[in-house]
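Student: Structure incoming, see below.
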Amino acid sequence: MREIVIDTETTGLDPNDGHRIVEIACIELMHHVPTGRKFHRYLNPGRDMPADALAVHGIAAEFLASQPLFEAIADDLAAFIAGDRLVIHNAEFDLAFLNAELARLGRPPLACPFVDTLAVARRRFPGAPASLDALCRRFVIDLTVREKHGADIDCGLLAQVYIELLGGRQPGLDFAAPGIGGIAIALPQDRPPRPPRPHAASLEELAAHQAMLAAIKTPLWLAA
């Protein structure tokens, strides 16, 4: 099963106010495990960078001026996603910006399925903080790399959080047989086959059953 963890950084909170994507990152998962394949681009938003957004991610307009426009990377992004399921923290935000960028190019919105890890975390831990930082602290995931928000860094953190939200991963991914005191526990395939046991009732058991039924007065199954 292929999934794509995706995150964006923007110039503001609402694409309807003219805000744009300035960074986008994706990480490929196969059966919930990162494969090492990534997609990461900075983008020229074609506008200024508000001070409050700069304080969040630290991506300056001067740096973005030399980066490609969204239209230049749209085909590569679509090829990387390839219609597979997306994993997004606060999906409403990122999908709104992605679909706004696609709409500017006359393209249809993303139609692939998605998992919103924010909604998953709120269902699993009702009333608890569910930001990416809070979930990393809950699952003891190293946050030292996150001095500011960044799509590439946040994708890596979200991939780890997603695995924990699914129930966690066996250390080492070696799927070793459990054991106690160094003694391995036999798995089902290691046990010798046993002949099937008879399950049909004997004549004596059938007669006893009928006698029991006859002794029951006004049984429920005969009630009107």
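The sequence shown begins at 2 in our numbering and counts up by one.
Where a beta carbon is used, it is the ideal one built from N, C-alpha and C, also for glycine.
Run through the segment 53–111 for me and flag every whole beta strand (DSSP E) of 3 or more residues, listed as ranges in chain order.
Tutor: Segments of the beta strand (DSSP E) lying fully in the segment 53–111: 86–89.
Student: So for Thr118, helix, strand or coil by DSSP?
Tutor: Three-state DSSP puts Thr118 in a helix.
Student: Between the alpha carbons of Pro110 and Arg21, how many angstroms are there, rounded?
Tutor: For Pro110 and Arg21, the distance between alpha carbons rounds to 16 Å.
Student: Relative to the C-alpha of Leu99, which candidate in Gln161, Leu166, Pro46 and Gly37 has its C-alpha closest?
Tutor: Among Gln161, Leu166, Pro46 and Gly37, the Cα nearest to that of Leu99 is on Pro46.
Student: Can you grab the Cα-Cα spacing for the pair Asp155 / Thr145, in whole Å?
Tutor: One C-alpha to the other measures close to 12 Å.
Student: Beta carbon of Ala152, beta carbon of Asp49: below 7 Å?
Tutor: No, these two residues do not count as a Cβ contact at 7 Å.
Student: Asp117 to His90, Cα distance in whole Å?
Tutor: Roughly 5 Å separates the two Cα atoms.
Student: Tell me the residue span of the alpha helix (DSSP H) that contains Ala152.
Tutor: Looking at the DSSP string, the run of the alpha helix (DSSP H) that includes Ala152 is Ala152 to Leu166.
Student: Starting from Asp143, trace the alpha helix (DSSP H) in both directions and tell me its first and last residue.
Tutor: Where Asp143 is concerned, there is no enclosing alpha helix (DSSP H), given that its DSSP letter is neither H nor E.
Student: Look at the alpha carbon of Ala131 and the alpha carbon of Ala122, and state the distance between them as a whole number of angstroms.
Tutor: Approximately 6 Å between the Cα atoms of the pair.
Student: Between the Cα of Arg125 and the Cα atoms of Val162, Val141, Arg147 and Pro51, which residue gives the shortest distance?
Tutor: Considering only alpha carbons, the answer is Val162.
Student: For Val34, does the count of other Cβ atoms within 10 angstroms reach 16, so buried, or fall short, so exposed?
Tutor: With fewer than 16 Cβ atoms within 10 Å of its Cβ, Val34 is classed as exposed.
Student: Output the distance between the C-alpha atoms of Glu72 and Ala135, rounded to the nearest integer angstrom.
Tutor: Distance between the alpha carbons of Glu72 and Ala135 is about 34 Å.
Student: What three-state label does DSSP hand Met31 in the structure shown?
Tutor: Three-state result, Met31: strand.
Student: Which of the three DSSP states, helix, strand or coil, is assigned to Arg123?
Tutor: Here Arg123 sits in helix by DSSP.
Student: To the nearest angstrom, how far is the alpha carbon of Phe81 from that of Phe40?
Tutor: The straight-line gap from Cα to Cα measures roughly 7 Å.
Student: Give a yes or no on whether the C-beta atoms belonging to Glu10 and Glu24 are separated by under 7 Å.
Tutor: Yes.
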